[in-house]
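*Asks:* Residue numbers (my numbering), protein chains in the order written: chain A, 1 to 544; chain B, 545 to 982. Okay, here's the structure, questions in a sec.
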Amino acid sequence: MADLTPKTSWTAEDAAHLARRAGFGISPEAAAALATQTVDAAVNAWVDGGADRKAMDAVLAASADVVDEPSRKASTTAGSVDVPAVPAPHPFLVQGVDAWRNDFARAQAYLAFRMQYDPYPFAERMGLFCHNLFATGWHKVDNVALMLNQYQTFRAHGLDNFDDLLVLVSKDPAMAIWLDLVDNDAAGGNVPNENYAREVMELYSLGADNGYNQTDITQLARALSGWSFTVPASSAIVDPTNPDNLTAAGGNFRVYDGSANPDAYLRDLQLQANLPKMHGTGTITYLGQTFDIAKPPSGMVPGEDALRSIVTSRAVQCSQFLAQRLLIHFVTGRFTEGDLTDVAAMIRAAGFNLRSVMKTLLKSNYFFAASNRFALVEGPVSWTVRAARALGYDLASADAISPKGFPAWSNVADPYFEEAGMKLLDPIGPNGWKEDVGWMNSNTIRYRTKIAAAVALGAGAPDSSDARLFPSDVNRWFPTAPASPADVLGRLVALLQPGAIPAAVSTAWLQALWPSGFTWETAAQGNARVLAYLILCSPAGQVY
Amino acid sequence: MHFTRRTFLQGLGATGVAMATGCGLKSTLGGQPAIPIPAHPVLLVIDIDGGWDWLNVLTPMSGSNRSVYEASRATLGIPVDQLVRVDGEAGINKDLTGMTDLDALGRVAWIPGIGMNNPDLSHFVSIALWGQGATQPDGTGWLGRFADKAFNASGDVLRGLTVTSDLPEMLHGATRDFVSITSSSGYVYPAWLRSDRIGLPYDPQLMESGFAAAVTPATTDPSQMAAAKSGKLFLDAQNQFGTNGTLPPRTPTVPYPGDPDYPLKSGKGGSLSSALSGQLKLIAQMLAAGLPTQVFFARLSGWDTHSNEARDLPNLQRTLGGSIKAFYDDLAKVQTPLGNAQERMMVVGYSEFGRRVPENQGGTDHGTAGLAFAVGRAVTGGVYGAYPSLSDLDPNKNMKFTVDFRSLFATVLDRWLGQPASTTNAILGTSYPRLPFL
Numbered sequence: 001m002a003d004l005t006p007k008t009s010w011t012a013e014d015a016a017h018l019a020r021r022a023g024f025g026i027s028p029e030a031a032a033a034l035a036t037q038t039v040d041a042a043v044n045a046w047v048d049g050g051a052d053r054k055a056m057d058a059v060l061a062a063s064a065d066v067v068d069e070p071s072r073k074a075s076t077t078a079g080s081v082d083v084p085a086v087p088a089p090h091p092f093l094v095q096g097v098d099a100w101r102n103d104f105a106r107a108q109a110y111l112a113f114r115m116q117y118d119p120y121p122f123a124e125r126m127g128l129f130c131h132n133l134f135a136t137g138w139h140k141v142d143n144v145a146l147m148l149n150q151y152q153t154f155r156a157h158g159l160d161n162f163d164d165l166l167v168l169v170s171k172d173p174a175m176a177i178w179l180d181l182v183d184n185d186a187a188g189g190n191v192p193n194e195n196y197a198r199e200v201m202e203l204y205s206l207g208a209d210n211g212y213n214q215t216d217i218t219q220l221a222r223a224l225s226g227w228s229f230t231v232p233a234s235s236a237i238v239d240p241t242n243p244d245n246l247t248a249a250g251g252n253f254r255v256y257d258g259s260a261n262p263d264a265y266l267r268d269l270q271l272q273a274n275l276p277k278m279h280g281t282g283t284i285t286y287l288g289q290t291f292d293i294a295k296p297p298s299g300m301v302p303g304e305d306a307l308r309s310i311v312t313s314r315a316v317q318c319s320q321f322l323a324q325r326l327l328i329h330f331v332t333g334r335f336t337e338g339d340l341t342d343v344a345a346m347i348r349a350a351g352f353n354l355r356s357v358m359k360t361l362l363k364s365n366y367f368f369a370a371s372n373r374f375a376l377v378e379g380p381v382s383w384t385v386r387a388a389r390a391l392g393y394d395l396a397s398a399d400a401i402s403p404k405g406f407p408a409w410s411n412v413a414d415p416y417f418e419e420a421g422m423k424l425l426d427p428i429g430p431n432g433w434k435e436d437v438g439w440m441n442s443n444t445i446r447y448r449t450k451i452a453a454a455v456a457l458g459a460g461a462p463d464s465s466d467a468r469l470f471p472s473d474v475n476r477w478f479p480t481a482p483a484s485p486a487d488v489l490g491r492l493v494a495l496l497q498p499g500a501i502p503a504a505v506s507t508a509w510l511q512a513l514w515p516s517g518f519t520w521e522t523a524a525q526g527n528a529r530v531l532a533y534l535i536l537c538s539p540a541g542q543v544y
Numbered sequence: 545m546h547f548t549r550r551t552f553l554q555g556l557g558a559t560g561v562a563m564a565t566g567c568g569l570k571s572t573l574g575g576q577p578a579i580p581i582p583a584h585p586v587l588l589v590i591d592i593d594g595g596w597d598w599l600n601v602l603t604p605m606s607g608s609n610r611s612v613y614e615a616s617r618a619t620l621g622i623p624v625d626q627l628v629r630v631d632g633e634a635g636i637n638k639d640l641t642g643m644t645d646l647d648a649l650g651r652v653a654w655i656p657g658i659g660m661n662n663p664d665l666s667h668f669v670s671i672a673l674w675g676q677g678a679t680q681p682d683g684t685g686w687l688g689r690f691a692d693k694a695f696n697a698s699g700d701v702l703r704g705l706t707v708t709s710d711l712p713e714m715l716h717g718a719t720r721d722f723v724s725i726t727s728s729s730g731y732v733y734p735a736w737l738r739s740d741r742i743g744l745p746y747d748p749q750l751m752e753s754g755f756a757a758a759v760t761p762a763t764t765d766p767s768q769m770a771a772a773k774s775g776k777l778f779l780d781a782q783n784q785f786g787t788n789g790t791l792p793p794r795t796p797t798v799p800y801p802g803d804p805d806y807p808l809k810s811g812k813g814g815s816l817s818s819a820l821s822g823q824l825k826l827i828a829q830m831l832a833a834g835l836p837t838q839v840f841f842a843r844l845s846g847w848d849t850h851s852n853e854a855r856d857l858p859n860l861q862r863t864l865g866g867s868i869k870a871f872y873d874d875l876a877k878v879q880t881p882l883g884n885a886q887e888r889m890m891v892v893g894y895s896e897f898g899r900r901v902p903e904n905q906g907g908t909d910h911g912t913a914g915l916a917f918a919v920g921r922a923v924t925g926g927v928y929g930a931y932p933s934l935s936d937l938d939p940n941k942n943m944k945f946t947v948d949f950r951s952l953f954a955t956v957l958d959r960w961l962g963q964p965a966s967t968t969n970a971i972l973g974t975s976y977p978r979l980p981f982l
C-alpha cells in the first residue's frame, strides 16, 4: 500500500530529498530554509515555480554563447555548419535565422546548463522525465532546433492533462519525423505506416500488449494518417552550406482535411512541395469504440478523438503505465503491485491532471518514506548536474569568468553523457533509457569516474585532453574552515548527499588522505577534492 | 516493474518446431570444406537492431513465394537480377556486400524463418525474448547464464565482453555480467587523478575499497549493489586490460566500410557508416592483443525501416555485409596465443524479428519470423530450416516461423562453446533440436 496522504511535518533532510528527486539537489542551507515552510506550501511552490528568473534570463540573453566554443567544427553534414559569431539574443533560438543550426553537443550543453542554473528546476526535471517517456532521437530528426522545440514543449506542458500532452506530442514536428508520421499515408486504399500508432500505445501511454491488439494499431494508424506538419515560407531557412537544403525549427502542424492545402512540408531536411493528401477516410473501430476519422468533434483535428480515447477507453491501463513511469523516476524501482495500484487510482482520481498528480505524489508520506530514500540509482545527466550544482560556481560567478559563458558543459556533455549511458537528446530508440539499476554497467560507471574527475578535481586551466574541468573553488565548499578530516567528510556528505557510506570505507579514505595531522591549507584542499571524487564514484554516490 | 510477464514460451520444447536440415550445402557446390571446430573457439554475436526486412536480403527468386512477394512489394521488391541464388528458391541481395563471397566459399549458414511461437510485434518485447532465450524468463540472458555456468566465479572478467556502451539483457547472468569496453585506450582511472597533481599520489585501493567493500551480503540495497558490482567489474577488468589501460595499437590489414580506401560508397556517394566496422576493428585489436575473451557482442542499429526503405536498406546491408567480410579477412592475419583468429571466430547475426510481407508507402512495418546467420571457417554453409511461406500467414498477416530461435542458441552452446548437452538444455530450459551447420 502506498500511503498517499500528505506528510504534515518535515525536516531539512526531507526537503533535501524533495530537491534531489524533483529537481537537481539543493545545498544543506537551502534545504533548511525550505523546511521552515509547510510541506504543502513548499511542494506547491516547487511544482508551480514562479521564482524570480531575471538573472537566468539575463545570462541567457547576454550570452551569444552560453558555452564557449572558440573553434566551431566545420562539417559536411547537412544542417551542421561552421557558424560565425552571431549577436544576441542567443544561439539556441528555435525560430528565425538561427533555426538551421544543428550543433548537437552545444544543445546538450545548453540543456545541462539550464538544469544546473534554472530557478525553476522542477520544470527542467519534468523536461528530463518527459524526454525519457517520449524518447525522441536527434540522429533521425537531424535538427537540433526541432529537438529543443520539443523539449520546450515538455517544459511548458509537462504538467497538463495527460491526454492533452499526448496530443501535443503527437503533433510535435520532431516526433512526426522520428516515428514516421510524416510518411503515414492512408489516403484511398494505401497501407498506413503504423510506426507511431504502435509506439504511442506501447511506449507512451499503455505499455506493451496492455489493452490493445494489432487491429487497434492499424486502426489508430489510419486515424493519425496525414498528421504531418507544414512549413510556412517565412519559417523555411536556407542552409548556408547547401543552398539546396531548406529546413525549419517548427511549422504549423496540419492534418489534411480536404480544404486548400498550400503549404510546403519538411522531410529529410528538404522542403517538399505541397503536403500531399494523406489522411484516410471512413470509420474505424478502435479500442472498442467507433470513430469517423474524417469528422472530428468540434475543436479537434481529424483522428484526434481516437487518440484521446486511449485515456478514457483504457483508463486503468493508462494510469498503471503512468504510475509505473512516475514511480521509477521519482520514488523507487522496487514498488509493490499494491503501490502501483494505489498510485494509478490516484492518477485516475486526479483526472490525469499531471500537476495535481505530481503535487499529491511529492507531498505524500509514501514519497518521503525512509525505505524510498536513496532507493534509486540516479541517471547520469541528473547525477552530473547535481554534482556540478553542489561543487561548481553559482550563476553569477560562472557568468563572470572569462571566457564568457560556462565552458565545462560543452566538454563534458559530449561524449561523456553518451558513454555514461544517456545521450541526452538522442536515445537509440523510442523506448528511451532504462532507469534505476538499468543505468549501471561497467562502462557507464567507468565514465562516471571521468565525469567525477571533471567536476570534483577541476582546479585550474585545462592542460590536457583529459582535463575536462569544471571551475570550482574548494573554499566555497567550506563556509567555515574544517578543523579535522571528519569535518571535511561531513561537509562533503552534506553537499553531495550520497547514500550511506560504510564506516569502514570512509575511515579508510580519511586515514589514507590524512595519515597524520590536519591543517587546512593547499594540500588538504587538494585532498578534499580527492575525497569528493571518491564519494561521487562510490556505490553510495550513485543512489539518491 | 512488470506488467505482463509473458509465460507463453514455457513448455514449448521440441514440439511445434520444424526439424531443421541442411540443404543446398555449399561444400558440395564449389565451396571449401569447413575446418574442424577449433580448440579455443570465439563467438561474436551481432545484433541487427530494429527488425531487419530480410525478405529483401534473402529474397524469394522463384516459385509461389516469388509471386506473392512481387505482388506485395510493388515499389520495394528486389528484382531477380539483383540476387545471387543460395538454394533452390532464394537468393542473397548483392547489396549484402561480401556475404555473397563468403557464401560462395561455403562459410555462411542461413536460417530463414527463425522465430518463436506466439511472437510479439514489439521491438522491446522481442529483444527481451531473444535475449532471455528461456522458457521461463527470469531477467537473465542466455549468454549471461552461460557465463554463470562456465566462467570462473572470481575471475574471467574479460571472458564475456560487449563493445557497446550498454549491457543488453542477453549478457546479464544471475551471478555476473559481461564487461562493456568501448575503446582500446584509457581504460583506467581518469588521468588527472593518476598524475599526482591533486592531493596524494594515486592509490587504487582508495576507490577499489569503496566498490569491493560493498559487494558483500552486508549491502542489502539493490541499487547500491548494482553500482558496487558494476564498479568492481570495471576495476577488475582495467587491471587486466593492456598497459595502463591501453592495448597495443593495430592497423587493420584490410579496409573496412567507412574507411577512406574502402571501395564501396553509400547510395548518396558518401562513405558508408563505420558504426559496425569500428566495433569489429576494436575486437580484432583485442584479439591481437591476446585478450582472453571467448564471447563478444556488437550491434548495428537502424533497421527499423518503416519509411525510406529504398534509400536506407541498401546502405545498411553494405555496412553489415562489408564489415563482416572485412573482419573475416582481417582476422586471417591475427595470431592469438591460442591460434589463428580467423579459425577461432564464428560470427552469429540475428534480428529481433522480420517485417510485414506487404509494404506500406515507402517502408515495411513490424513482422515476425526472421533471418539469422552464422559465419566462420568451421561453419558448413547452406540454408537451414524451411523458407517460410509468404501466403500461409498468421491472423495478423505475418509469416509463421519454421525454426525455434533457441535451436540456434542450443547449437552455439554445445557445438561451439563446448557445453555438455545437459548444461545447454539447463541454460535454455529444455532441449531444442540442434542445427547441423557445425
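Here a beta-carbon is modelled for each residue, glycine too, at the ideal position from N, C-alpha and C. Remember, predicted model here, so these are calculated numbers, not experimental data.
#1: May I ask which residues mark the beginning and end of the alpha helix (DSSP H) holding S966 of chain B?
#2: Could you pull out every residue in the same chain whose Cβ sits closer than 7 Å to the Cβ of M889 of chain B, ignoring the five residues on either side in sequence?
#3: Which bits of chain A does Y733 of chain B rub up against, with CB to CB less than 7 Å?
#4: Could you compute how far the alpha carbon of G250 of chain A sits from the alpha carbon of N149 of chain A?
#5: Show which residues of chain A have a CB atom less than 8 Å away from the CB atom of V669 of chain B.
#6: List the residues that DSSP assigns as beta-bridge partners of H910 of chain B.
#7: For the region 356-395 of chain A, list the beta strand (DSSP E) runs that are entirely contained and at least 3 residues long, ordered along the chain.
#8: Among residues of its own chain, excluding the 5 on either side of K638 of chain B, which ones have a beta-carbon nearer than 8 Å to its beta-carbon?
#9: Hey, does C537 of chain A have any beta-carbon neighbour from chain B nearer than 7 Å?
#10: On the premise that I658 of chain B lies in contact with A916 of chain B, defined as a C-beta separation below 8 Å, what is that separation, rounded to the nearest angstrom?
#11: With a floor of 3 residues, list each beta strand (DSSP E) that falls wholly inside the region 253-327 of chain A, ordered by position along the chain.
#12: Would Q219 of chain A and I310 of chain A be called neighbours here (beta carbons separated by less than 7 Å)?
#13: Going straight from the alpha carbon of T967 of chain B to that of V798 of chain B, what length do you get?
#14: Could you confirm whether any beta carbon from chain B is found closer than 7 Å to the beta carbon of Q542 of chain A?
#15: So if I threshold CB-CB distances at 7 Å, which residues from the region 767-783 of chain B count as touching chain A?
#16: For A870 of chain B, tell me which candidate among B:G929, B:E853, B:T880 and B:L824 has the shortest Cα-Cα distance.
#17: For the alpha helix (DSSP H) containing N609 of chain B, name the first residue and the last one.
#18: Just checking: is the beta-carbon of H850 of chain B within a distance shorter than 7 Å of some beta-carbon in chain A?
#19: Tell whether a beta-carbon distance below 7 Å holds between A323 of chain A and I347 of chain A.
#20: What's the C-alpha gap between L982 of chain B and P582 of chain B?
#21: So G925 of chain B packs on A653 of chain B, CB below 8 Å; how close in whole Å?
#22: Taking the CB atoms as reference points, tell me whether I445 of chain A and L492 of chain A lie closer together than 7 Å.
#23: By Cβ distance, which residues of its chain are closer than 8 Å to M175 of chain A, with the 5 residues on each side in sequence left out?
#24: Starting from W607 of chain A, trace the alpha helix (DSSP H) in both directions and tell me its first and last residue.
#25: Check for me: the alpha helix (DSSP H) holding M830 of chain B runs from which residue to which?
#26: Counting only Cβ-Cβ distances shorter than 9 Å, please list the residues of the region 907-918 of chain B near chain A, keeping chain order.
#27: Consult DSSP for I590 of chain B and reduce its assignment to one of helix, strand or coil.
#28: With DSSP as the reference, identify every bridge partner of T230 of chain A, one or two as the case may be.
#29: Between which two residues does the beta strand (DSSP E) holding T603 of chain B run?
#30: Would L602 of chain B pass as a contact of P656 of chain B if the rule is Cβ separation under 7 Å?
#31: Can at least three beta-carbon pairs, one atom from the region 335-342 of chain A and one from the region 506-516 of chain A, be found at a separation below 8 Å?
#32: Can you have a look at M422 of chain A and say buried or exposed, based on whether 16 or more other CB atoms are within 10 angstroms of its CB?
#33: Span of the alpha helix (DSSP H) holding Y942 of chain B?
#34: Can you list, in chain order, the residues of the region 496-522 of chain A whose Cβ is nearer than 7 Å to any Cβ on chain B?
#35: For E418 of chain A and L705 of chain B, what's the separation of their Cα atoms in angstroms?
#36: Give me the Cα-Cα distance between C537 of chain A and E337 of chain A, rounded to the nearest whole angstrom.
*Replies:* A quick look at the data gives this:
#1: A965 to L972
#2: V586, L588, L875 and G920
#3: T449
#4: 7 Å
#5: A208 and D209
#6: B:R899
#7: none
#8: Q626, L627, V628 and T644
#9: yes
#10: 5 Å
#11: 264-267, 270-274, 283-286 and 289-292
#12: no
#13: 39 Å
#14: yes
#15: S767, Q768, A770, A771, A772, S774, G775, L777, F778 and A781
#16: B:L824
#17: G607 to S616
#18: yes
#19: yes
#20: 11 Å
#21: 6 Å
#22: no
#23: F134, T136, Q150, V169, L181 and Y196
#24: Residue 607 of chain A is absent from the model: chain A starts at 1 and stops at 544.
#25: A819 to A832
#26: G907, D909 and H910
#27: strand
#28: A:N252 and A:Y265
#29: L602 to P604
#30: yes
#31: no
#32: buried
#33: Per the sequence presented here, residue 942 of chain B reads as Asn, with Tyr not at that position. Taken as a continuous stretch (DSSP letters only), N942 of chain B belongs to no alpha helix (DSSP H), as it is neither H nor E.
#34: G499, P502, A504, V505, A508, W509, A512 and L513
#35: 19 Å
#36: 33 Å
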